[in-house]
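Single-structure report; data block below.
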Amino acid sequence: MATFNLQDEARSLVYGGRHDRDEENDAVEDLPAVVAGQRAGAKRGAYCRFPDGCTKYAQAGGLCIAHGGGRLCTDPLCPEYHTRTCKKHGGTKKCSHPDCTNVSVGKTRMCNTHGPGRRCQTDGCDKVDAGRGYCMAHGGGRICKMDHPTACTKKQYRGGYCYEHAIKPKCQSEGCTKMDLGKGHCKTHGGGYACKVSGCVKKDQGKGYCIAHGGGNRCHISGCDKVNRGGGYCKAHGGGKKCDVVSCKCWVVGGGRCKAHGGGNSSNSSSSCHSTTGKRCAEPGCTKYNQGGGYCLAHGGGVKCSTDGCIKKQTRYGLCSGHGGKARCHVTGCDKISQTKGLCKAHGGVKICSALYCSRQAKTKGLCIAHGGGPKCKHPTGCDKAQRSGGFCKAHLASRASTTSTRTSLSPTDQPDSHPSPSSYTIPPPQMVVASVQSPSLHIDPPCRTFVL
1 MATFNLQDEA
11 RSLVYGGRHD
21 RDEENDAVED
31 LPAVVAGQRA
41 GAKRGAYCRF
51 PDGCTKYAQA
61 GGLCIAHGGG
71 RLCTDPLCPE
81 YHTRTCKKHG
91 GTKKCSHPDC
101 TNVSVGKTRM
111 CNTHGPGRRC
121 QTDGCDKVDA
131 GRGYCMAHGG
141 GRICKMDHPT
151 ACTKKQYRGG
161 YCYEHAIKPK
171 CQSEGCTKMD
181 LGKGHCKTHG
191 GGYACKVSGC
201 VKKDQGKGYC
211 IAHGGGNRCH
221 ISGCDKVNRG
231 GGYCKAHGGG
241 KKCDVVSCKC
251 WVVGGGRCKA
261 HGGGNSSNSS
271 SSCHSTTGKR
281 CAEPGCTKYN
291 QGGGYCLAHG
301 GGVKCSTDGC
311 IKKQTRYGLC
321 SGHGGKARCH
331 VTGCDKISQT
341 KGLCKAHGGV
351 KICSALYCSR
361 QAKTKGLCIA
371 HGGGPKCKHP
381 TGCDKAQRSG
391 GFCKAHLASR
401 ASTTSTRTSL
411 SPTDQPDSHP
421 SPSSYTIPPP
431 QMVVASVQSP
441 SLHIDPPCRT
451 FVL
């Protein structure tokens, strides 16, 4: 009579019978010695099943968090990990302050901003204590554990390490070392989440939408819907990082400096906005900026329009301006390029001069040329007239042109001598002197009466 053993039945359900247990033992023997030693005698699924022999513990799906395991938020477009819902989608208690959606802390039912909480000990700072009595800006928080080859002073991001040294989820595509941006893959291999708007193929930048459809962080200025570029504000309202060079107001492109001061390039020794540092065209003698591929647009740099037969450069959406790379006027039947407010220049898509009763187009500082807007003449005398061509106003451009033409028309022998030699004078014949007196049509100066022979 066969006997029923509950322990054996449970073991068979886990391993699928004796044959599967043998395969499990063979798999352990094939692993590296360290990993095999950790897995010996452990239940199947206790460690990550990633093919390279990961020693981390498996989460949901048989993989560790770094290799795509774990449970995601129940929101279909959210990549955050949680058993049910993440913090953004109601997975925690919210602050009881009106209109506040931050997570409540402790038993106060208030967030750090509206609750008592511990504050930074620095005088005048009201930020939250991030650790050790100070906010993140004043040295609080936990420091990265990395101490080789040098101690890292950055803040912890995950697992006791900063963002640079932390182990991040990798793309599961074979041979790819890029980060997992969602769905187990990088952006190149189809990872990430698309915008919720029907027909939009852009990536989710926050709240399920791309930047164009309302995703991402916006400027804190009331009525401004531009993207937050840093510090809570758009570039127009002071957001973003400025160049480290004193008196330079250009935007940072890399290494704390703008393009003109070497931003994004190893050479940072420049001190003028008109220098030749920065990423420049690789063509010998060309000082234009590198637009892609190592060259400027004139020398073949940049990316060409995706329309067949078009050799123009892309502006956006993979298309040039003429094939839809720029927004069009919203007026029905108008296919001109939109300037401002969704309209072309002909339909009012321009900024109007801020001067009273003026309807001209504003150039700079909100003013038209007639009211002081636009670039000024570069003449050394300090002319405040508007530029017309070559950096000069009409008057100084004409004077420069006449001066240049005069200098080029005179040969070196024709140039007037300020100190002529007395011996260079010649005595005109008597008949010429008489003719000059009798004929008023001849404008010949009378001869000098004093001669040096």
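Anchor point for the sequence shown: position 112 equals 112 in full-length UniProt numbering, and the numbering is continuous, going up by one each time.
Even for Gly, the Cβ is constructed at its ideal location relative to N, Cα and C.
Here the structure is a predicted model, which is why all the values come from computation and not from measurement.
Original post:
Rounded to a whole number of angstroms, what is the C-alpha to C-alpha distance between Gly-322 and Ala-282?
Top reply: Taking the sequence shown and counting its residues from 1, the one referred to as residue 322 is at position 322. Taking the sequence shown and counting its residues from 1, the one referred to as residue 282 is at position 282. Looking at the two C-alpha atoms, the distance is approximately 28 Å.
Original post:
Hey, Cys-135 and Lys-127 are a contact pair by Cβ (cut 8 Å); roughly how many whole angstroms apart?
Top reply: As a first step, residue 135 must be located in the sequence shown, where it is residue number 135. As a first step, residue 127 must be located in the sequence shown, where it is residue number 127. So it is a contact: roughly 4 Å between Cβ atoms.
Subject >> Proximal residues to Tyr-57 (C-beta, below 8 Å), its chain only, five neighbours per side dropped >> reply: What you label residue 57 is simply residue 57 of the sequence shown in a count that begins at 1. Cβ neighbours of Tyr-57 beyond the five flanking positions: Ala-46, Tyr-47, Cys-48, Cys-64.
**OP:** Would you mind sorting Tyr-357 into buried or exposed? The rule is 16 or more other CB atoms within 10 Å of its CB.
**Re:** Within the sequence shown, the letter at position 357 stands for residue 357. With fewer than 16 Cβ atoms within 10 Å of its Cβ, Tyr-357 is classed as exposed.
Original post:
If you check the beta carbons only, do Lys-183 and Gly-175 fall under 8 Å apart?
Top reply: The residue labelled residue 183 in the question sits at position 183 within the sequence shown. The residue labelled residue 175 in the question sits at position 175 within the sequence shown. No, the Cβ-Cβ distance between Lys-183 and Gly-175 is not below 8 Å.
Original post:
DSSP three-state call for residue 473: helix, strand or coil?
Top reply: No information on residue 473 is available, as it lies outside the stretch 1 to 453 that the chain covers here.
**OP:** Determine the direct distance from the alpha carbon of His-185 to that of Gly-159, and round the result to whole angstroms.
**Re:** By one-based count along the sequence shown, residue 159 stands at place 159. By one-based count along the sequence shown, residue 185 stands at place 185. Computed Cα separation, rounded: 21 Å.
**OP:** Tell me, to the nearest whole angstrom, how far the beta carbon of Thr-340 is from that of Lys-351; I am working on the premise that it is less than 8 Å.
**Re:** Residue mapping note: residue 340 aligns to position 340 of the sequence shown, counting from 1. Residue mapping note: residue 351 aligns to position 351 of the sequence shown, counting from 1. Sure, about 6 Å apart at Cβ, within 8 Å.
Original post:
Alpha carbon to alpha carbon, how far is Asp-384 from Ala-355?
Top reply: By 1-based counting over the sequence shown, the position of residue 384 is 384. By 1-based counting over the sequence shown, the position of residue 355 is 355. Cα-Cα distance, rounded: 18 Å.
Original post:
Between the beta-carbon of Thr-122 and the beta-carbon of Gly-115, is there less than 8 Å?
Top reply: Start at 1 with the first residue of the sequence shown, and residue 122 comes out as number 122. Start at 1 with the first residue of the sequence shown, and residue 115 comes out as number 115. Not in contact: Thr-122 and Gly-115 (Cβ atoms no closer than 8 Å).
Original post:
Among Ala-395, Gly-348, Tyr-317, Lys-168, which one has its Cα closest to the Cα of His-379?
Top reply: Along the sequence shown, one-based indexing puts residue 379 at 379. Of the candidates Ala-395, Gly-348, Tyr-317, Lys-168, the one whose C-alpha sits nearest the C-alpha of His-379 is Ala-395.
Subject >> Beta carbon of Gly-232 nearer than 8 Å to that of His-213 >> reply: Translated into positions along the sequence shown, residue 232 becomes position 232. Translated into positions along the sequence shown, residue 213 becomes position 213. Contact: no.
Original post:
Nearest-angstrom Cα distance between Cys-210 and Cys-200?
Top reply: Against the sequence shown, residue 210 aligns to sequence position 210. Against the sequence shown, residue 200 aligns to sequence position 200. Answer to the nearest angstrom: the Cα atoms are 9 Å apart.
**OP:** Could you check which residue in Asp-147, Gly-391, Asp-129 has the C-alpha nearest to that of Gly-139?
**Re:** Against the sequence shown, residue 139 aligns to sequence position 139. Of Asp-147, Gly-391, Asp-129, the residue nearest in Cα terms is Asp-129.
Subject >> Cα-Cα separation, Cys-224 to Gly-301 >> reply: Residue numbering aside, residue 224 sits at position 224 when the sequence shown is read from its first letter. Residue numbering aside, residue 301 sits at position 301 when the sequence shown is read from its first letter. Distance between the alpha carbons of Cys-224 and Gly-301: 35 Å.
Subject >> Whole-Å CB distance - Gly-61 paired with Pro-169, under 8 Å assumed >> reply: Locating residue 61 in the sequence shown gives position 61, counting from the first residue. Locating residue 169 in the sequence shown gives position 169, counting from the first residue. No, Gly-61 and Pro-169 are not in contact; Cβ-Cβ is about 12 Å, not under 8 Å.
**OP:** Rank Lys-241, Ala-236, His-299 by C-alpha distance to the C-alpha of Lys-365 and give the top, closest one.
**Re:** Here the question's residue 365 lines up with position 365 in the sequence shown. Closest option to Lys-365, Cα to Cα, is Ala-236.
Original post:
Just the Cα atoms here: how many angstroms apart are Val-345 and Ser-338?
Top reply: Mapped onto the sequence shown, residue 345 falls at position 345. Mapped onto the sequence shown, residue 338 falls at position 338. The sequence given here places Lys at residue 345; Val does not occur at that position. Going by the C-alpha atoms only, they are around 8 Å apart.
**OP:** Determine the closest residue to His-189 out of Ala-386, Asp-204, Asn-217, Ser-173, with distance taken between C-alpha atoms.
**Re:** As a first step, residue 189 must be located in the sequence shown, where it is residue number 189. It is Ser-173 whose Cα lies nearest to the Cα of His-189.
Original post:
For His-347 versus Cys-334, is the C-beta spacing smaller than 8 Å?
Top reply: Residue numbering aside, residue 347 sits at position 347 when the sequence shown is read from its first letter. Residue numbering aside, residue 334 sits at position 334 when the sequence shown is read from its first letter. Going by C-beta atoms, His-347 is nearer than 8 Å to Cys-334.
Original post:
Under three-state DSSP, which class holds Gly-322?
Top reply: Position 322 of the sequence shown holds residue 322. Gly-322 falls in the helix class under three-state DSSP.
**OP:** Under 7 Å Cβ to Cβ from residue 464, same chain only, skipping five residues before and after it: list those, please.
**Re:** The shown model of the chain, from 1 to 453, leaves out residue 464, and the question about it has no answer.
Original post:
How long is the line joining the alpha carbons of His-148 and His-165, rounded to whole angstroms?
Top reply: For the purposes of this step, residue 148 is identified with residue 148 of the sequence shown, where counting begins at 1. For the purposes of this step, residue 165 is identified with residue 165 of the sequence shown, where counting begins at 1. For His-148 and His-165, the distance between alpha carbons rounds to 11 Å.
**OP:** Return the bridge partner residues of Ile-337 from the DSSP annotation.
**Re:** For the purposes of this step, residue 337 is taken as the residue at position 337 of the sequence shown. DSSP, once it has assigned bridges, lists Arg-328 as partnering Ile-337.
**OP:** Would you check if the distance between the CB atom of Cys-234 and the CB atom of Lys-226 is smaller than 8 Å?
**Re:** As a first step, residue 234 must be located in the sequence shown, where it is residue number 234. As a first step, residue 226 must be located in the sequence shown, where it is residue number 226. Yes, Cβ-Cβ distance for Cys-234 and Lys-226 is below 8 Å.
Subject >> Pair within 8 Å by beta-carbon distance, Val-245 and Arg-229 >> reply: Here residue 245 refers to the residue found at position 245 when the sequence shown is read from its first residue. Here residue 229 refers to the residue found at position 229 when the sequence shown is read from its first residue. No, they are not a contact pair.
**OP:** Look at the alpha carbon of Cys-250 and the alpha carbon of Arg-218, and state the distance between them as a whole number of angstroms.
**Re:** What you label residue 250 is simply residue 250 of the sequence shown in a count that begins at 1. What you label residue 218 is simply residue 218 of the sequence shown in a count that begins at 1. Approximately 21 Å, taken between the alpha carbons.
Subject >> Among Leu-343, Lys-187, Lys-363, nearest to Cys-329 - alpha-carbon criterion >> reply: Stepping through the sequence shown from its first residue, residue 329 is reached at position 329. Per the Cα distances, Leu-343.
Original post:
If you run the structure through DSSP and keep just helix, strand and coil, what is Ser-402?
Top reply: On the sequence shown, residue 402 is found 402 positions in, with the first residue counted as 1. Helix at Ser-402.
Subject >> Between the CA atoms of Lys-376 and Ala-260 - distance to the nearest angstrom >> reply: For the purposes of this step, residue 260 is taken as the residue at position 260 of the sequence shown. For the purposes of this step, residue 376 is taken as the residue at position 376 of the sequence shown. Their Cα atoms are separated by approximately 22 Å.
**OP:** Excluding the 5 residues preceding and the 5 following residue 469 in the sequence, name in chain order all residues of the same chain whose CB lies nearer than 6 Å to its CB.
**Re:** Nothing in the structure corresponds to residue 469, since the chain is present only between 1 and 453.
Subject >> Thr-287 to Met-179 span [Cα, whole Å] >> reply: On the sequence shown, position 287 is the one that residue 287 refers to. On the sequence shown, position 179 is the one that residue 179 refers to. About 36 Å.
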